[in-house]
Amino acid sequence: MQDVFRQHFVKKLAGFSGKSEEEINRTISRPPDAAMGEYASSAPFLTLTAISNQNKDKLLGLSEAYESASAQKNPKQIAEELSSKFQQDEFISSVEAVGGYVNARINRHKVIEISLQAAFAEKEKYGSSSTGNGKTVVLDFSSPNIAKPFGIGHLRSTVIGAALKRIYDSLGYKTVGINFLGDWGTQFGKLAVAFQKWGDEAKMGDGPVEYLNELYVKYHEESEKNPALEQEARAWFLRLEQGNKEERRLWEHFKELSLKEFSRIYDLLGVSFDSYAGESFFNDKMGPVIDELARLGLTKESQGALIVDLEPYGMTPCLLKKADGATLYATRDITAAMWRYNEYGFDKLVYVVGSDQKLHFRQFFKVLELAGKNWAKNCYHVNFGLIRFKGEKMSTRRGKIVMLEDVLDRAIELTREIVKDREMSADKKEVIAKAVGIGAVIFNDLKNKRAKDVDFDWQTVLNYDSETKSFKGETGPYLQYTHTRLSSLLRNYDAVIDGKADFGLLKEDLEFQISRELYRFPQVIEDAAEQFEPSLISNYLIDLASKFSRYWHDVRIIGSDNELTKARILLAFAAKTVMANGLNLLGIAPLEEM
Ligand code: ARG
1 MQDVFRQHFV
11 KKLAGFSGKS
21 EEEINRTISR
31 PPDAAMGEYA
41 SSAPFLTLTA
51 ISNQNKDKLL
61 GLSEAYESAS
71 AQKNPKQIAE
81 ELSSKFQQDE
91 FISSVEAVGG
101 YVNARINRHK
111 VIEISLQAAF
121 AEKEKYGSSS
131 TGNGKTVVLD
141 FSSPNIAKPF
151 GIGHLRSTVI
161 GAALKRIYDS
171 LGYKTVGINF
181 LGDWGTQFGK
191 LAVAFQKWGD
201 EAKMGDGPVE
211 YLNELYVKYH
221 EESEKNPALE
231 QEARAWFLRL
241 EQGNKEERRL
251 WEHFKELSLK
261 EFSRIYDLLG
271 VSFDSYAGES
281 FFNDKMGPVI
291 DELARLGLTK
301 ESQGALIVDL
311 EPYGMTPCLL
321 KKADGATLYA
331 TRDITAAMWR
341 YNEYGFDKLV
351 YVVGSDQKLH
361 FRQFFKVLEL
371 AGKNWAKNCY
381 HVNFGLIRFK
391 GEKMSTRRGK
401 IVMLEDVLDR
411 AIELTREIVK
421 DREMSADKKE
431 VIAKAVGIGA
441 VIFNDLKNKR
451 AKDVDFDWQT
461 VLNYDSETKS
471 FKGETGPYLQ
481 YTHTRLSSLL
491 RNYDAVIDGK
501 ADFGLLKEDL
511 EFQISRELYR
521 FPQVIEDAAE
531 QFEPSLISNY
541 LIDLASKFSR
551 YWHDVRIIGS
561 DNELTKARIL
571 LAFAAKTVMA
581 NGLNLLGIAP
591 LEEM
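Start counting the sequence shown at 1; every next residue gets the next number (our numbering).
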């Protein structure tokens, strides 16, 4: 849905200032305080040339115009001048100069009418668009390492990546979600040696990855005492790289066990992938890439290793091959990026990976650029901060790593406890416990700007107040609860809601404010995609929910005036629609009851 208010304002302002609509569009922001209006334009800061345009009519020279403009006018004055040219119309109710900005307020009734009608007409499609049609976005996310526990750190990549994928999907892009599994590297030699020496298939039980990780830890302890183990491990991995059947079989076994465990987590989170082409997939594809880089004169030898010198760009070298011929993480990433470009012809290639790998991405993006891949500029490292655990310690049985599955199980368990006395079937309670527990963990991750570190504190993740028996604060359950309240309010009004109402009856300030939020929803999705920032949607939903809860408190939605009730019910319907669509984008289930 196009923002007609914005377009109208831009068009007018373009006419008054002599700038193009495109230029004006770039000057638009939201005023810091909603009371100041809906849009602010910094056009006055650009208008010096506009003034020269006006003056052209008077056949004034450009430099002369510039001089007279800068001598006489400052952005504040220009803002006042431009503002005074506006007249109230169908879309804009008033325009005001504030500092160097031109601020516009929009026509309240028009916003209410357009947003409620659009949400009713488009329902689960409201907010989506076709701006991305014909374009492809490849997202590399989650990407855990085989035979290593799926840590809480991989949760962030999974949750942010999956949200971005849904966001791009909703804008009409073709998306490809890739799980770039860490399934290759010398560590597999170590694991195999450990497994053959001390491992016991029968002991794996239902947590094989945990078991393998213990073996891996043991290997490191033992190899300190017995360096010969290193030799063995390297030899084993070499045989694997050469395609030896026996080794291949064991490696595949490890991989299968890991994938089984990972997929339990993906099922809980409701996440899936279009491709599992991990590091091992690129094994036989690196040779030609290294050759290409060498042919371009980008590589050089350094102490037996093959590198790309990045000193001119202020970075340490990018390592392509070790002295013993083994390839590295960067070699596989460079190869994978090229392969993906050939395979998908992407418009954007997005890597959702922690901030600790910043240098790695800067390095290999640079190598791609130096290799003349002009699509390198369309590669993005969508980085994120750490998760830190607060309060209660997770079980230390599994070492220092907090296992994601434990966290999810715990969240579900806590919610089970909360709903256990509700009067509903056991099945229903279980569905709710899952949806709310998982929703809480997902929201906790997506509520902050991704680059920020996340505190994981059970107290705030669920935020259940056992006294008032309600979910509070800025949490997933609070949003789900808002959605269920709207659902139960609307339950008896199905027949009444037909998208029509006397919008003029909605005179409350909150009715305008809520409608304006609803109107803004499509733009919020676009911004979230553009900035790779799902938190824009989570914060938006919190705003919407808190506005609606104030509305509930201040205003009687169901009253004796049928026409007014009908209009308010439509407002609630639109709010529920947006709440559901937004939650779905984040990967949180909108519930009908809880
Ligand atoms: N497996 C890596 C890790 O756990 C993350 C991989 C991210 N994706 C990539 N293309 N490098 O650290």
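Note that beta-carbon positions come from the ideal geometry of N, C-alpha and C, so glycine has one too. None of the values given here were measured: they were computed from a predicted structure.
For secondary structure counted as the alpha helix (DSSP H) over 4 or more consecutive residues, the segment 189 to 263 holds these complete runs in sequence order: 208 to 225, 228 to 241.
Closest in alpha carbon position to Tyr380, among Arg108, Gly127, Asp140, Gln231, is Asp140. Just so you know, the alpha carbons of Trp339 and Leu191 end up roughly 29 angstroms apart.
At least one heavy atom of ligand 1 lies closer than 7 angstroms to the C-beta of Asp333.
Between His8 and Asp309, the alpha-carbon positions lie close to 52 angstroms from each other.
The C-alpha of Ser466 is placed about 48 angstroms away from the C-alpha of Tyr101.
Lys472 places its beta carbon 8 angstroms or farther from that of Ser535.
Met594 is the residue among Asn342, Ser42, Met594, Ile78 whose C-alpha sits nearest the C-alpha of Gln480.
Here Asn463 carries a coil assignment [DSSP, helix/strand/coil]. Of the candidates Gly385, Ile146, Ile537, Ile146 places its Cα closest to the Cα of Phe254.
When DSSP reads this structure, Ser302 sits in a beta bridge with Ala305. Under the three-state reduction of DSSP output, Ser93 falls in the strand class. Tyr478 has no beta-bridge partner at all, per DSSP. Take Asp453, set aside five residues on each side of it, and the residues of its chain with a beta-carbon closer than 7 angstroms to its own are Gly385, Leu386, Arg388, in chain order. Spatial neighbours of Ser93 in its own chain (CB-CB distance under 8 angstroms, excluding positions within 5 residues in sequence) are listed in chain order as Arg105, Ile106, Asn107, Arg108. Taking all protein chains in view, the Cβ of Gln363 is crowded by 16 or more other Cβ atoms within 10 Å, so the residue is classified as buried.
No Cβ-Cβ contact shorter than 8 angstroms links Ala567 with Leu486.
In terms of Cβ geometry, Gly587 and Ile537 do not form a close pair [threshold 8 angstroms].
If you check the CB distance, Leu171 and Leu570 do not come in under 8 angstroms. Listed as beta-bridge partners of Leu319 by DSSP are Ile307. With respect to the C-alpha of Leu359, the residue from Gly314, Ala376, Gly345, Lys322 having the closest C-alpha is Gly314. Contact between Gly161 and Val407 is ruled out by a C-beta separation of about 18 angstroms, above the 8 angstroms threshold. One Cα belongs to Tyr519, the other to Val111, and the distance between them is close to 7 angstroms. In the structure shown, Leu349 adopts extended strand secondary structure according to DSSP, grouped into three states.
Put simply, the segment 368 to 375 does not touch the segment 438 to 447. Fewer than three CB pairs are less than 8 angstroms apart. For the set Ser355, Arg410, Tyr341, Ala411, the Cα lying nearest the Cα of Asn378 is the one of Tyr341. If you check the CB distance, Ser128 and Gly182 do not come in under 8 angstroms. If you look at Thr175, you'll find it in the beta strand (DSSP E) that goes 174 to 178. Phe141 carries a coil assignment under DSSP once its states are collapsed to helix, strand and coil. At the C-beta level, Ala336 and Phe282 come within 8 angstroms of one another.
Counted as a single uninterrupted DSSP element, the alpha helix (DSSP H) harbouring Val289 occupies residues 286 to 295. Nearest in C-alpha terms to Gly99, of all of Glu113, Leu13, Glu80, is Glu80.
As a beta-bridge residue in DSSP terms, His381 pairs with Tyr351. Rounded to whole angstroms, Glu38 and Ser280 show a C-alpha spacing of 51 angstroms.
When DSSP reads this structure, Ser275 sits in a beta bridge with Ile178.
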